[in-house]
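Okay, structure first, notes after.
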Amino acid sequence: MADYRVPDTKNQGVKLVATNAPVTTQIAGETDRTAKWALLLGSLLLAGGTAILFMAWAVFTVPSQGTGFLGFGRLYPMAMTLTVFGGFVALNLGVFLFLLPRLTGAAPQLITLMSSLVWLAAGGSVAGVLVVGFGGTDGRQGFELPWYSELLLAASLAGIALIAIQALFDAKEDSIYPSVWFVTGGLLSFIAAIAIANFPIASGPGAAIPVGFGRGIVLWVWILGSAIGAILYLVPKESGRPLFSRRIAIGTFASLLLVGMFYGLSTTLFGPLPDWAETVGVSMGLLLVVPAITVPTLVVKTLEGAFDQLETSIPLRFAVAGTVAFSIGALVSALSGLRSFAQVLGLTTFRDGTETLLVFGAGVLMISAFVYHAVPRLTGRTLYSEQLAKRHLQFTVIGAGGLTLLLWLGGIATGSTWLAGVESGSFSASGEGFSAALAASTWSYPWLLLSAFILFIGQLIFVTNLYRTLVSSEAAAVEMIVEDTE
Amino acid sequence: MSDNLAAAASKLGIPEELTQRSAEARSAAGGGTIDDILAAWAGGGSAPAATPAATDSTPTEPASSPTPAEAAPAAQAAVVATLAAAQPAAPPIITMRDPEAAPILVGRRESPKALLLGLAGFLAFGMLVGAWLPILAAQQEADNNAASALVYSAAAESGRDVYLAEGCATCHTMSVRSLVADAGLGLVTEPEDIPDFFGSVEGVRRIGPDLAHIGDRMSSDELGDFLLNPSFARPGARHPAYSYLPSDELSDLTTFLSETK
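Protein sequence lines, in the order shown, are assigned to chains A and B.
Positions in the first sequence are counted from 1; adding 166 to them yields my numbering.
Positions in the second sequence are counted from 1; adding 8 to them yields my numbering.
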């Protein structure tokens, strides 16, 4: 059995090895093995999240059918929680474990413990989602998992982070690529967000502040930050072009971190929070213009001269589509945080539309790009079907885009109806305006349901393609990192 | 070297700083002087190969051959094996990136300490300014108005748990804003009006009406009837029926809503 080892000058712990060993034994690195299964599990959970989202909109569309205890009020949080705390936890950890050894040249220690913690984090989240389904939530919007489930998740992630930090200090590199900032920052911020959102110091109106803080961090730093870190790795790799600007990349990360901390406060505009807290939220929300411009700049300028590769590279197509979704979502978020917009759109489904675009559009597309890049390299098998991947892209864009547009339209119609009804004196009692607004947007419900179904089918195609890649695809180029036992 | 650097940067279409770092990385991994490598990239010579062990026989993915070594001056050369699972005895086919190509993933010299300290600083700042100070301010305001705070009975407290468990806050808010759009919903919600318990009933979206003063608008009986059979109590209502709830939970939920004034 021939091994080909790359001579290097100072690497003591990790070496690149190419071998003609059978594919099943080629993935020698435990880190890569864990990354592979985390990515696959995350894709499955993502599909599960979109399935429940479809169920939620189905129940919403036809409430009279009777669904027992699984009403929209439970299903919608379950869908978002399974997506964010199940799917994205597994996917982002997969990204993290894939990138860490490749960008530091160091293999994490205690990898068995680390792998166990990955499964514990993902498993704990899924169990927590089931508990939410049975009514075991404390009702904090965005952090519906019961506190013990979130504590387990945070503890698992903290263990992973500690091992990863040790690997950072063991790095054989004297340089840090920007993606490391994004994925490491995303992980640490996510842990902080869970801790803050669960800290029982606040009550009454104060309770909304840490939850808002956490929601912002989860969306902008954990989901989108990690996804951007992933595409800043794969776009240069797929295109063969160097990253356009490291400084802009780090600046983007800093702006996301600032936005993530404060943007959540803008969700309570005109509510009982102190005015200055809202002002901070609005001001920091405007900072979203920065990543809305810099992320597409980084991607487009990096691809400059290699745009023809969009014709052939599936990951690049997903990355570009995700970048477009991110840019639109970030710009709309910056605008909708303004007081003048919030007067009409606040508390309507407009914000849900934007979050749908950012989570199921930008986040899912970017992370899918990474999965399509990484899975063949981790499994040693070519992607089962590029056609299925293209269908996945189309269905995700149509599904997430349709949901976004319909929720935006519904939000605009609802907010305008409330305002117009009150100003004209049409509605003299509360409830009238809501009934009128709901009646005005009833037409959109079947389309919402259809969009959610298309989104789910897209993720089902994704999972099917990955499964078929695992079990029946052709052997292909494999990327290996193994412990140096010499 | 500066001429070669400028020429190489120009030819590769990447900044000089990055070109320099790339050349250093290539030199560390494959041998040869930086100047020779820059000259080769500029088109004036041939760069030393990164590794003599591998040969490029069938470049299946020449541009995207993934390699941590591209980010690593220490482990610079990239090796990708194209293998047939069904043919373990076949000779290995090694594909590697063009040794003369510049690495594409090059970071900047810095310690992980900078990254971690930077992150810790950001997070500490965010926690302090973004979370703790607003919490304390809001808490202080609520405490100052404690005398007028809404007080619930024990049954209503249980009903609040049902409210949260059923996900009512997914569709309803309990907060009247100081906006024209909310005129008619009752008095604007002040900090002291928010129930003093951990958890959130305020909500972030209104798919259904605001419930901040629902107890003023509907009696306990009306609320109970509506929750049991919404479409009968209010024709056309899209509200789900809560007839599956045990009677004590339904009673507690009704009490909570009727005491929310």
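Using N, Cα and C, we set each Cβ at its ideal position, and we do this for glycine too.
Determine, using beta carbons only, whether residue 427 of chain A comes closer than 8 Å to chain B. For the purposes of this step, residue 427 of chain A is taken as the residue at position 261 of the first sequence. Yes - at least one Cβ of chain B is within 8 Å of the one on residue 427 of chain A.
What's the gap between the Cα of residue 502 of chain A and the Cα of residue 286 of chain A? Stepping through the first sequence from its first residue, residue 502 of chain A is reached at position 336. Stepping through the first sequence from its first residue, residue 286 of chain A is reached at position 120. Approximately 37 Å, taken between the alpha carbons.
What would DSSP say about residue 623 of chain A, mapped onto helix, strand or coil? Locating residue 623 of chain A in the first sequence gives position 457, where the first residue counts as 1. In the three-state reduction of the DSSP assignment, residue 623 of chain A falls in the helix class.
Quick one: list the residues of chain B neighbouring residue 312 of chain A, beta-carbon separation under 9 Å, in chain order. Residue mapping note: residue 312 of chain A aligns to position 146 of the first sequence, counting from 1. Residues of chain B passing the Cβ test: none, with the nearest at roughly 11 Å.
Roughly how many angstroms separate the alpha carbons of residue 205 of chain A and residue 219 of chain A, rounded to a whole number? Working through the first sequence from its first residue, we reach residue 205 of chain A at position 39. Working through the first sequence from its first residue, we reach residue 219 of chain A at position 53. Looking at the backbone, the Cα of residue 205 of chain A and that of residue 219 of chain A are separated by about 21 Å.
Cut-off 7 Å between Cβ atoms - residues of its own chain near residue 564 of chain A, not counting five sequence neighbours on either side: Along the first sequence, read from residue 1 onward, the residue named residue 564 of chain A stands at position 398. Counting only Cβ-Cβ distances below 7 Å, and skipping sequence neighbours, we find 620.
Less than 8 Å between the beta carbons of residue 579 of chain A and residue 607 of chain A, yes or no? Residue numbering aside, residue 579 of chain A sits at position 413 when the first sequence is read from its first letter. Residue numbering aside, residue 607 of chain A sits at position 441 when the first sequence is read from its first letter. Yes, the pair counts as a contact, with Cβ atoms nearer than the cut-off.
According to DSSP, simplified to helix, strand and coil, what is residue 69 of chain B? By 1-based counting over the second sequence, the position of residue 69 of chain B is 61. For residue 69 of chain B, the predicted structure reports a pLDDT of 34, less than 50, and the residue's modelled location is therefore unreliable. The matter cannot be settled from this model.
Any contact between the region 510–528 of chain A and the region 488–496 of chain A? By contact I mean 3 or more CB pairs, one from each, below 8 Å. The answer is yes - the region 488–496 of chain A touches the region 510–528 of chain A, with three or more Cβ pairs under 8 Å.
Proximal residues of chain B, C-beta to C-beta of residue 392 of chain A below 8 Å: The count along the first sequence starts at 1 and reaches residue 392 of chain A at position 226. Contact of residue 392 of chain A with chain B by beta-carbon distance below 8 Å is absent, the smallest such distance being about 14 Å.
Inter-stretch contact (C-beta, 8 Å, three-pair minimum) for the region 557–574 of chain A and the region 609–624 of chain A: With the cut-off at 8 Å, the region 557–574 of chain A and the region 609–624 of chain A touch.
Is the region 542–558 of chain A in contact with the region 458–468 of chain A, if contact means three or more CB pairs nearer than 8 Å? With the cut-off at 8 Å, the region 542–558 of chain A and the region 458–468 of chain A do not touch.
Quickly, what does DSSP pair residue 407 of chain A with across the bridge? List them, please. The sequence position of residue 407 of chain A within the first sequence is 241, counting from 1. According to DSSP, residue 407 of chain A bridges with nothing at all.
Of all Cβ atoms in chain A, is any one closer than 8 Å to the Cβ of residue 165 of chain B? The residue you call residue 165 of chain B lines up with position 157 of the second sequence. False, the Cβ-Cβ gap to chain A never drops below 8 Å.
Between residue 261 of chain B and residue 222 of chain B, which are expected to be in contact by the criterion C-beta below 8 Å, what is the C-beta distance as a whole number of angstroms? Along the second sequence, read from residue 1 onward, the residue named residue 261 of chain B stands at position 253. Along the second sequence, read from residue 1 onward, the residue named residue 222 of chain B stands at position 214. Between residue 261 of chain B and residue 222 of chain B, the beta carbon gap of about 11 Å keeps them out of contact (Cβ cut-off 8 Å).
Could you check the C-alpha separation between residue 338 of chain A and residue 330 of chain A for me, to the nearest Å? Translated into positions along the first sequence, residue 338 of chain A becomes position 172. Translated into positions along the first sequence, residue 330 of chain A becomes position 164. Using only the alpha carbons, I get a separation of about 14 Å.
Can you pull the chain B residues whose beta carbon is under 8 Å from the beta carbon of residue 337 of chain A, in chain order? Position 171 of the first sequence holds residue 337 of chain A. Per Cβ cutoff of 8 Å: 120.
If the cut is a Cβ gap below 7 Å, which residues of chain B does residue 584 of chain A touch? By one-based count along the first sequence, residue 584 of chain A stands at place 418. Those are 189, listed as they occur along chain B.
Output, in chain order, the set of chain B residues within a Cβ distance shorter than 9 Å of residue 142 of chain A. This structure leaves residue 142 of chain A out entirely; chain A is present only between 167 and 652.
Which bits of chain A does residue 34 of chain B rub up against, with CB to CB less than 9 Å? Looking up residue 34 of chain B in the second sequence gives position 26. Near residue 34 of chain B there are no residues of chain A at all, since even the closest Cβ is about 12 Å away, more than 9 Å.
Mind checking if residue 463 of chain A is an interface residue toward chain B, Cβ cutoff 8 Å exclusive? Mapped onto the first sequence, residue 463 of chain A falls at position 297. No, its Cβ sits nowhere closer than 8 Å to a Cβ of chain B.
Look at the alpha carbon of residue 254 of chain A and the alpha carbon of residue 247 of chain A, and state the distance between them as a whole number of angstroms. Stepping through the first sequence from its first residue, residue 254 of chain A is reached at position 88. Stepping through the first sequence from its first residue, residue 247 of chain A is reached at position 81. Rounded to the nearest angstrom, the two C-alpha atoms are 10 Å apart.
How many Å lie between residue 131 of chain A and residue 131 of chain B at the Cα? As displayed, chain A neither begins before 167 nor continues past 652, which places residue 131 of chain A out of reach and without an answer.
Please state whether DSSP places residue 176 of chain B in a helix, a strand or coil. Mapped onto the second sequence, residue 176 of chain B falls at position 168. Residue 176 of chain B carries a helical assignment under DSSP once its states are collapsed to helix, strand and coil.
For residue 196 of chain B, which of B:178, B:254, B:218 has the nearest alpha-carbon? Indexing the second sequence from 1 puts residue 196 of chain B at position 188. A check of alpha carbon separations from residue 196 of chain B across B:178, B:254, B:218 identifies B:218 as the nearest.
Going by DSSP in three states, residue 581 of chain A sits in which element: helix, strand or coil? The residue labelled residue 581 of chain A in the question sits at position 415 within the first sequence. Helix, per DSSP.
Tell me the rounded alpha-carbon separation between residue 524 of chain A and residue 456 of chain A. Along the first sequence, read from residue 1 onward, the residue named residue 524 of chain A stands at position 358. Along the first sequence, read from residue 1 onward, the residue named residue 456 of chain A stands at position 290. Note on geometry: alpha-carbon atoms of residue 524 of chain A and residue 456 of chain A lie some 16 Å from one another.
To the nearest angstrom, how far is it from the Cα of residue 271 of chain A to the Cα of residue 348 of chain A? Position 105 of the first sequence, counting from 1, holds the residue named residue 271 of chain A. Position 182 of the first sequence, counting from 1, holds the residue named residue 348 of chain A. Cα-Cα distance, rounded: 18 Å.
Please find out if some non-hydrogen atom of the ligand COA comes closer than 7 Å to the beta-carbon of residue 450 of chain A. Ligands are entirely absent from the displayed structure, and the ligand COA is therefore not among its contents.
Is the beta carbon of residue 239 of chain A sitting closer than 8 Å to the one on residue 175 of chain B? Looking up residue 239 of chain A in the first sequence gives position 73. Looking up residue 175 of chain B in the second sequence gives position 167. Result yes, Cβ atoms of residue 239 of chain A and residue 175 of chain B sit closer than 8 Å.
From residue 397 of chain A to residue 225 of chain B, what does the alpha carbon distance come to, in whole angstroms? The residue given as residue 397 of chain A occupies position 231 in the first sequence. The residue given as residue 225 of chain B occupies position 217 in the second sequence. When the Cα atoms are used, residue 397 of chain A and residue 225 of chain B turn out to be separated by approximately 53 Å.
If you check the beta carbons only, do residue 448 of chain A and residue 188 of chain B fall under 8 Å apart? Taking the first sequence and counting its residues from 1, one reaches residue 448 of chain A at position 282. Taking the second sequence and counting its residues from 1, one reaches residue 188 of chain B at position 180. Contact flag unset, no.
What residue range does the alpha helix (DSSP H) around residue 467 of chain A cover? Numbered from its first residue, the first sequence carries residue 467 of chain A at position 301. Per DSSP, residue 467 of chain A belongs to the alpha helix (DSSP H) from 455–469.
Could you spell out the range, first to last residue, of the alpha helix (DSSP H) harbouring residue 509 of chain A? As a position in the first sequence, residue 509 of chain A is number 343, starting the count at 1. From DSSP, the alpha helix (DSSP H) with residue 509 of chain A extends over 505–511.
Roughly how many angstroms separate the alpha carbons of residue 407 of chain A and residue 185 of chain B, rounded to a whole number? Along the first sequence, read from residue 1 onward, the residue named residue 407 of chain A stands at position 241. Along the second sequence, read from residue 1 onward, the residue named residue 185 of chain B stands at position 177. Distance between the alpha carbons of residue 407 of chain A and residue 185 of chain B: 51 Å.
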